[in-house]
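Here's the structure we're looking at; comments come further down.
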Amino acid sequence: MFIRTERLFLRPGWPEDMGELLDVLGEDAMVRSIGVSALPRSASALREYIARPRDRLLPHFFINLRDDAGARLIGGIGLGQSGGDVELGYWIARQHRGRGYAAEAVKAVLAEARMLGHREIVALHFADNEASAKVLQSSGFKPTGETRARFSVGRGAEGQARLYVATLADKLFDMLGVGPQRAAA
Numbered sequence: 012m013f014i015r016t017e018r019l020f021l022r023p024g025w026p027e028d029m030g031e032l033l034d035v036l037g038e039d040a041m042v043r044s045i046g047v048s049a050l051p052r053s054a055s056a057l058r059e060y061i062a063r064p065r066d067r068l069l070p071h072f073f074i075n076l077r078d079d080a081g082a083r084l085i086g087g088i089g090l091g092q093s094g095g096d097v098e099l100g101y102w103i104a105r106q107h108r109g110r111g112y113a114a115e116a117v118k119a120v121l122a123e124a125r126m127l128g129h130r131e132i133v134a135l136h137f138a139d140n141e142a143s144a145k146v147l148q149s150s151g152f153k154p155t156g157e158t159r160a161r162f163s164v165g166r167g168a169e170g171q172a173r174l175y176v177a178t179l180a181d182k183l184f185d186m187l188g189v190g191p192q193r194a195a196a
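Taking our numbering, I'd label the letters of the sequence shown as residues 12 to 196.
As structure tokens, then:
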């Protein structure tokens, strides 16, 4: 499954991504914000992660920035099962933050989730990560006021994460352009 947006190309991981992935995931500042799952950071764990079969209803993508030189890996995004919820997780390499790439990728994956039949998606961010709060809210997520304890490998400790929810049947998603016409598989 592939998704193309105005500036990004979202696709599954390939073995050829190993070098770029190891570089990006080696940044402690980036890994510190990730709490949805522990992303693999060793070459062998990354190889296994890339080769693992995926549930077509819970896609994972690497975010690539399209430019004249081709495509550069700048992040990752995906859906996963967390208890009874379908949860969105994403990360953007530090040098590419603050340019709207995360929100662009989130909206594209929400469009795909809507096409796959998901009605509600949850997302969390650590309480000290206000940039993620802005990304989620600009993409149609609403804060629930609830927090959940979430372990972060990068922090080496548990932290409080704020819970957001996106109801994909909301008219808001039509206004944001998050609909079947925006996604490509």
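Every residue gets a Cβ at the ideal spot worked out from N, C-alpha and C, and that includes glycine.
Measuring straight from C-alpha to C-alpha, what distance separates Pro191 and Lys118? In this predicted model, Pro191 has a pLDDT of only 46, less than 50, meaning its place in the structure is not dependable; the value taken from the coordinates is given anyway. If I take the Cα positions, the gap works out to 11 angstroms.
If the criterion is Cβ atoms closer than 8 angstroms, does the pair Phe73 and Ile14 meet it? no
Pro273 classed as buried or exposed, judged by whether at least 16 other C-beta atoms fall within 10 angstroms: Nothing about residue 273 can be read from this structure; the chain reaches only from 12 to 196.
Can you tell me whether Val47 is buried or exposed, with buried defined as 16 or more other CB within 10 angstroms of its CB? Any answer about Val47 is weak, because its pLDDT of 48 lies below 50 and its placement is not dependable; what the coordinates show is given next. The residue in question, Val47, is buried, as its Cβ has 16 or more Cβ neighbours within 10 Å.
Ordered list of beta strand (DSSP E) runs contained in the stretch 48-90, each at least 3 residues: 71-78
Compute the Euclidean distance between the alpha carbons of Ala172 and Arg161, then round it to the nearest angstrom. 6 angstroms
8 angstroms CB neighbourhood of Leu21 in its chain, flanking five on each side removed: Phe13, Ile14, Arg15, Phe72, Phe73, Ile74, Asn75, Ile88, Ala116, Ala119 and Val120
Gly165 to Leu36 span [Cα, whole Å]: 10 angstroms
Anyone know if the C-beta pair for Ile85 and Ile103 falls short of 8 angstroms? yes
Does Phe13 come out as helix, strand or coil in the three-state DSSP assignment? coil
Straight-line CA distance for Ala124 to Arg65? 15 angstroms
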